[in-house]
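For the sequence shown, our numbering puts the final residue at 492, and the numbers step up evenly by one. Virtual Cβ for every residue (Gly too), placed ideally from N, Cα, C. Quick caveat, the model's predicted, so the values are computed rather than measured.
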Amino acid sequence: MANANEIEKKANGTSRFLPKEIKDIDAVTEFYDLETELIKTKRNKNLLLYFSILLFFTVVIGSVFYFTKIVEQQSKDFEINISDLEDLRLKDVIDSATRYENNLDLLKIQLDIIKINEKKEILIVQKQYYQNEIGILAKDLNDQKTDKLILENRNAELIAIEAINSNFKLSTTKKEQEISKIESEIEKEKETGENQKSKFISNIDKLNAIKNAKLKKEHDSGVVALKEYYEAYVDYIVLKYNPVFKSKRITNIMENKKGIINQYSYLDSFDEFLLFEGVFTQYDFKSFRTKIDKFFEITDRLNRIPYFNSIKPAIKKINDLTYSISHDYENLIKRIKQVVKSKNTIIASKNLVIDTREETIRNKNQAITALNSNLILVSLEVEDKERIIREKERTITNKDQSLQIYQNALTILMQQYSEGGFIIQVQSNQLDIYVNPAISVKTGMIAGIYRKDEEYIGELLITSIDDTIKATVTALIKNKTAQPFDKLIFRF
């Protein structure tokens, strides 16, 4: 990386959380502004990487060009004495070997170009599907839907890469077969002319040097293909490790500065009250702050790396959010301590009230015990009264049975004599009467009172038809009174 050799100056091991002034070792207070950071990213691109790649290709191309010119010049100055090649078979061997070796180098370069083009096509596909993945993340879908779409995108990427491999496999296999064939021919030619070739080896070396000029064009095309591949690779790496966040949800989080603290707040020292209440031990307290310290040590190191696009502001936002969380935690602990202390005071006062009430309850329990003794006596009396009531109920039941017998007898009597009813009891002008069950009695009905067969006594008015039928005397014959078992004839 561009800053791999950077010398880091570490401050003394003073904790961020010590309650004293913390000096900025860089003596610069940075204020984060998203627009400014985005402008910086355009200027802070790692030009050294691009310059290094360009310099590498320039040196390679220059070296090849310089070497080719030297070989061409030597080839012009070199004279071959054909008379030395009196053995025509040896001449054929040299020509054949030179031709095969030239073709072999050419085919190897072509094979390398095919492989580079294959890698280039794969890199283009990887870049395309990585951009698709960024687009999926920018849609702010739920996690289940996002994971499903990303999995589908990656499966499609594997299929596309497999298709590219299949497309280039035929060309690669064909070139490899041609190379293998030429290598076999070269071995045969070497075996045939090995003895005759030894004294002309220096001439063959010079002839082989001539082939470099013929290969220059193919070599240059290979360099261009390699350059295009590395440029595409650099673009892919930049996009992969320095992405631009397009998700509206993420950008809103990064742009929102409400309630965010971008510097350390002084943390309170450990309060023994927390230990007394069993909320937090001193070890837990120190461990928590040590973890926060380590977190910021890592993020501070990340901030020194020249990231661009969305990574730099994202790391800054992570720091700011962590500052805010730490600050909120401290405030939460303070509020909890205040609430617990306040409630402890309330609990203490309520405990006093409870103690007083418990004393009252004990006194009342004693009174209840005495009352229970009285209740036992009362329950015995109640049992005696219940026994008396049961006996009275049996007496009433017997009387009801006797009354039913009398009613049945009266009903039979009325059926025999076709009477409407009888007077049962007379109390002044108020009468209790018994009516033939065949007659539907209603309040307000009038009945005549008769004695013996046809002796008219007077009239009565039905006033109540509840459990017993009540009536009132409305008219009487002079010197006559209603008596029990007087007959009743109703007027309808």
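Give the straight-line distance between the Cα atoms of Lys385 and Ile354, rounded to the nearest whole angstrom.
43 Å
Report yes or no: do three or more beta-carbon pairs, one from the segment 448-457 and one from the segment 400-410, lie closer than 8 Å?
no
DSSP three-state assignment for Leu332, whether helix, strand or coil
helix
Using a 10 Å radius around the Cβ and a threshold of 16 neighbouring Cβ atoms, would you call Glu393 buried or exposed?
exposed
Rounded to whole angstroms, what's the CA-CA distance from Glu157 to Ile134? Just pull it up for me.
14 Å
Nearest to Lys317 (by Cα), restricted to the options Gly444, Leu302, Lys175 and Ala232
Leu302
Taking C-beta to C-beta, are Ser247 and Leu137 nearer than 9 Å?
yes
So, with DSSP's three-state summary, where would you put Tyr307?
coil
Among the residues of its own chain, which have a CB less than 8 Å from the CB of Gln131, if the five just before and after it don't count?
Leu239
Quick test of your reading: Tyr450 and Lys399, contact by CB under 8 Å. State the CB separation rounded to the nearest angstrom.
Wrong, their Cβ atoms sit about 30 Å apart, outside the cutoff.
Taking only three categories from DSSP, how would you classify Ile250?
helix
Exposed or buried, which one is Ser326 when buried takes at least 16 other CB atoms within 10 Å?
buried
Contact defined as beta carbons within less than 8 Å: I believe Thr322 pairs with Phe295. What is the distance between those atoms, to the nearest angstrom?
6 Å
Less than 9 Å between the beta carbons of Ile462 and Ala471, yes or no?
yes
Quick check: the Cα distance between Ile477 and Gly448, rounded to an integer number of angstroms?
12 Å
Starting from Ala475, trace the beta strand (DSSP E) both ways and give me its first and last residue.
Ile469 to Leu476
Verify whether the separation of the beta carbon atoms of Thr172 and Glu118 is less than 9 Å.
yes
Please confirm whether Ile439 and Gly420 have their CB atoms less than 9 Å apart.
yes
Grab me the residues of Leu107's own chain with a C-beta within less than 8 Å of its C-beta, minus the 5 sequence neighbours each way, in chain order.
Lys175, Glu178, Ile179 and Ile182
Proximity of Ala232 and Lys148 at Cβ, strictly below 9 Å:
no
As assigned by DSSP and simplified to three states, the class of Phe285
helix
Test item: CB-CB of Phe485 and Phe422 under 9 Å:
yes
By alpha-carbon positions, which one of Val441, Asn429, Ile159 and Ile113 ends up nearest to Val125?
Ile159
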